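Peer 1:
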Amino acid sequence: MNGLLSNAPALMYFDVIFGSTVLKPLFWMIMGGLLILFFSGLRLWFSDLGIAMRWWKWALFAAWFMGVYVTIAGGFTLVGENEARAGLYFMGVFGTLLIILGAGLWRILNTK
Amino acid sequence: MKNTKGINRRDFIKKAGLIGGAMSLAGAGAAGLAAGAASESYTGWGRTAYGKDQFFNRKPFFTDTPTYEKTGAPARIPYVDDLFNRLRELRRLMMAPPGQAPAWSWEMGAEALPEPLKSYYADRPGALDEYRQALENARQQRANWPKYRADHLLAEAYSAAHASFLSGPGSFPPQPQGPPEESDFRGMDNRYLELKSPRHGSDLIKQITHTFGASLVGICRLKKEWVTQGFLRGVGRTDFEVPAHWNYVVVVAAPHEWDSMYANPIYGNSYDAYSKLRFIVGKLEVFIKKLGYPARAQFPPTSFDIAMPPVAIDAGLGEQGRHGVLITPELGANTRLAAVITGMPLEADRPINAGIKAFCNKCKICAEECPSGAISFTDKPETVVRGYRRWAIHQEKCYKVWNTVATSHARGCRVCIAVCPYTRKRNWVHNIVRVADPRDPTGLFATAMLGMQKTFFSYPGPEAYLPPPDGSNKTYIDPPKWLKTDEWFIK
Ligand code: SF4
Ligand code: SF4
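Keeping their order, the protein sequence lines are chains A and B. Per our numbering, the first sequence runs over residues 1 to 112. Per our numbering, the second sequence runs over residues 1001 to 1491.
1. When you compare only the Cα positions, how much space is there between D1437/B and A1037/B?
2. V22/A: buried (16+ other C-beta within 10 angstroms of its C-beta) or exposed?
3. Sort G1324/B, R1439/B, A1273/B and K1357/B by Cα distance to V958/B and report the nearest one.
4. Per DSSP, N1144/B is paired with what?
5. Which residues mark the beginning and the end of the alpha helix (DSSP H) in which Q1054/B is found?
6. Taking a contact to mean a Cβ-Cβ separation below 8 Å, would you say V1325/B touches V1249/B in this structure?
7. Only counting the same chain, and skipping five residues up and downstream in sequence, which positions put a Cβ closer than 7 Å to that of G1292/B?
8. Inspect the beta-carbon positions of G33/A and G1032/B and report whether they are closer than 8 Å.
9. Does chain A have any CB closer than 8 Å to the CB of I1417/B?
10. Would E1225/B pass as a contact of R1076/B if the rule is Cβ separation under 8 Å?
11. By the three-class DSSP mapping on this structure, what secondary structure does C1413/B have?
12. Could you tell me which chain A residues have their CB closer than 9 Å to the CB of R1010/B, listed as they occur along the chain?
13. What is the rounded straight-line gap between the Cα of F981/B and the Cα of L1153/B?
14. Check P1078/B in the structure and name its three-state DSSP category.
15. Going by beta-carbon coordinates alone, are A1338/B and I1280/B separated by less than 8 Å?
16. Under 8 Å, do A1406/B and P1467/B count as touching if we go by C-beta distance?
17. Rounded to a whole number of angstroms, what is the C-alpha to C-alpha distance between L44/A and T1485/B?
18. In this structure, how does DSSP classify E1040/B when only helix, strand and coil are distinguished?
19. Does F76/A get closer than 8 Å to chain B when you measure Cβ to Cβ?
20. Hey, is the region 1164–1180 of chain B in contact with the region 1440–1454 of chain B, meaning 3+ C-beta pairs nearer than 8 Å?
21. Excluding five sequence neighbours on each side, which residues of the same chain lie with their C-beta closer than 6 Å to the C-beta of L109/A?
22. Would you call the region 1194–1207 of chain B in contact with the region 1306–1321 of chain B, where contact means no fewer than 3 C-beta pairs closer than 8 Å?
23. Compare the beta carbon distance of I1356/B and Y1262/B with 8 Å and say whether it is the shorter of the two.
24. Using a 10 Å radius around the Cβ and a threshold of 16 neighbouring Cβ atoms, would you call T1048/B buried or exposed?
25. Enumerate in chain order the residues of its own chain whose CB-to-CB distance from F1056/B is below 7 Å, with the five nearest sequence positions on each side excluded.
26. Relative to chain A, which residues along the region 1293–1317 of chain B have a C-beta separation below 8 Å, given in chain order?
27. If I'm right that V93/A touches G87/A with Cβ under 8 Å, what's the distance once you round it to whole angstroms?
28. Output the boundary residues of the beta strand (DSSP E) element that contains Q1229/B.
29. Looking at S1183/B and ligand 2, is the gap between the Cβ and the nearest heavy atom below 7 Å?
30. Strictly by DSSP, which residues pair up with S1303/B?
31. Can you tell me the Cα-Cα spacing of I100/A and T71/A, whole angstroms?
32. Since A1338/B sits in a beta bridge, which residues does DSSP pair it with?
33. When you compare only the Cα positions, how much space is there between T1065/B and M1023/B?
34. Helix, strand or coil: which one does DSSP assign to L44/A?
35. For C1363/B, verify whether its CB is less than 7 Å away from any heavy atom of ligand 1.
36. Would the beta-carbon of L1222/B fall within 8 Å of that of I1306/B?
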């Protein structure tokens, strides 16, 4: 680990996971498990809120969530390479866009 | 169904799901942070030996028309076109042998210079004055150095360590002695086996060169117009024909260490890449000679008989940027070049057009940040050099800044390399851009990227890189901890 992490020794522990050929895939498997948990919970939330989910609504939601995911990952990637300002702007601009899109998506999800 | 603590299964999954969603987003942030800072994203500093740093797929961008624009009859390159050759000649003229008057002095003016210097400066009014100003600045730079030494001790030591191979008995590779027809063959073994084909030769040479430490390797046929005229290493000042065995050029690229490079103009240095390159091409020259073919290494800072950016373009490594430096898809402008000229039968690569030159027409970030104003702001290249329209920086202006920034002596600036949007490490964010941008025929992707580059990223501004009173000794990005003197020493 270099760059930002060379100036923040505590963050060098990241290397224990992301620099390891065994722990890195394990990390993504856990991430996959968390996403399964998230979508399982979400299915119940939607049904309790009386939202009738169809396949295309799930697809729209997944695309939106992917946008959030990529925005956070992208922003922090820039932070990690010592471009903190660019990372925060990236998350600020695309985050705002995603909030607006999220409001629109919410209305769509609430349609029958 | 209720459990013993009264939480039903449905509520549990709902709550756990929310926590899982939040954790996966946090994981995305952590993975991003790790990707941004990962050592393996430091192209050229980890995966090089197995050719893994030459990761860009050039095939879709092969072109029969290299991105340098031919506008007239090409010509060989007068050796004084190179700044360092020019300065060496001027210094020689100004140094008087004991008891004699110097052959030239400032008072005599540019008209009194011998050819080819006279014509060079006649074609570039003001350039000689810029050099004179650079010498003035150098005096001030030396006077300023005690003020900055404590801050920049490590950067100086780091640069000096990398530069230590440049001269003296430890210098490598050795300079050629005598005409190329002798020196390029000296130490060559008799050819013992024949190559299966030129293609085998190219593949072998590339693989070997990667193991020597080259991030990128490309091969081209040598065009006569890329060979200098008027000076030949090993011989001296002479007009010469291009030797018959100068058929192919193996072009090699390596980057500067990334964190110090981003902390230019003060913390970076040119010699880290130069030392790598010298060892690579020095060893490659020996390797090729041992196979029974003539070879001649070309290496930085000044040991060249050919112009490097155009041969690198011919070899398909990249395109020339507005700042005059070669931009490659893998390393951006953090690309330093060396080469071996050889008579070994090889298969040449093809030039590429990955849209870099077109992007430069719009970008102009290097010109906006250049502390010397040496880089053109025009919308397209306008300078015609020996039959080619291309970007050309004002070399003397650039050199003036080398003699101004807060270093002990003129050891470069490289701000234009650091700020160039192509100068990006190898991680998923920049790789998406690398793949998508050159494939977008509309140019919209490039426009969006440039918009983001100019709004999201902050640039200190051209004066900020200079010492006070004109600037504040800024670097493009803060230096890494390992180059900060006060992290290690009591000031
Ligand atoms: S900073 Fe922009 S204009 Fe300058 S070389 Fe890089 S891409 Fe081209
Ligand atoms: S090295 Fe510095 S002064 Fe020279 S062209 Fe690049 S930015 Fe300008």
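For every residue, glycine included, the Cβ atom is placed at its ideal position computed from N, Cα and C. Just so you know, these numbers come straight off a predicted model, no measurement behind them.
Peer 2: The short version:
1. 23 Å
2. exposed
3. The structure shown has nothing for residue 958/B, since chain B only spans 1001 to 1491.
4. DSSP, once it has assigned bridges, lists no residue as partnering N1144/B.
5. Neither: Q1054/B is in no alpha helix (DSSP H) and is coded neither H nor E.
6. no
7. M1188, D1189, N1190, R1191 and Y1192
8. no
9. no
10. yes
11. Coil at C1413/B, not helix or strand.
12. Those are L44 and D48, listed as they occur along chain A.
13. As shown, chain B starts at 1001 and ends at 1491. That puts residue 981/B outside it, with no answer to give.
14. Of the three classes helix, strand and coil, the one that applies to P1078/B here is strand, per DSSP.
15. yes
16. yes
17. 57 Å
18. helix
19. yes
20. In this structure the region 1164–1180 of chain B does not lie against the region 1440–1454 of chain B, because fewer than three pairs of beta carbons, one per stretch, are closer than 8 Å.
21. I51 and K57
22. With the cut-off at 8 Å, the region 1194–1207 of chain B and the region 1306–1321 of chain B do not touch.
23. Pairing I1356/B with Y1262/B gives a Cβ-Cβ distance that is not under 8 Å.
24. T1048/B comes out buried.
25. P1329, E1330 and R1434
26. Those would be none; no residue qualifies.
27. With 8 Å as the limit, V93/A and G87/A do not qualify as a contact, their Cβ atoms being about 11 Å apart.
28. T1228 to L1232
29. Checking the Cβ of S1183/B against ligand 2 gives no.
30. For S1303/B, which the question treats as bridged, DSSP gives the partners F1299/B.
31. 14 Å
32. V1252/B
33. 51 Å
34. helix
35. yes
36. yes
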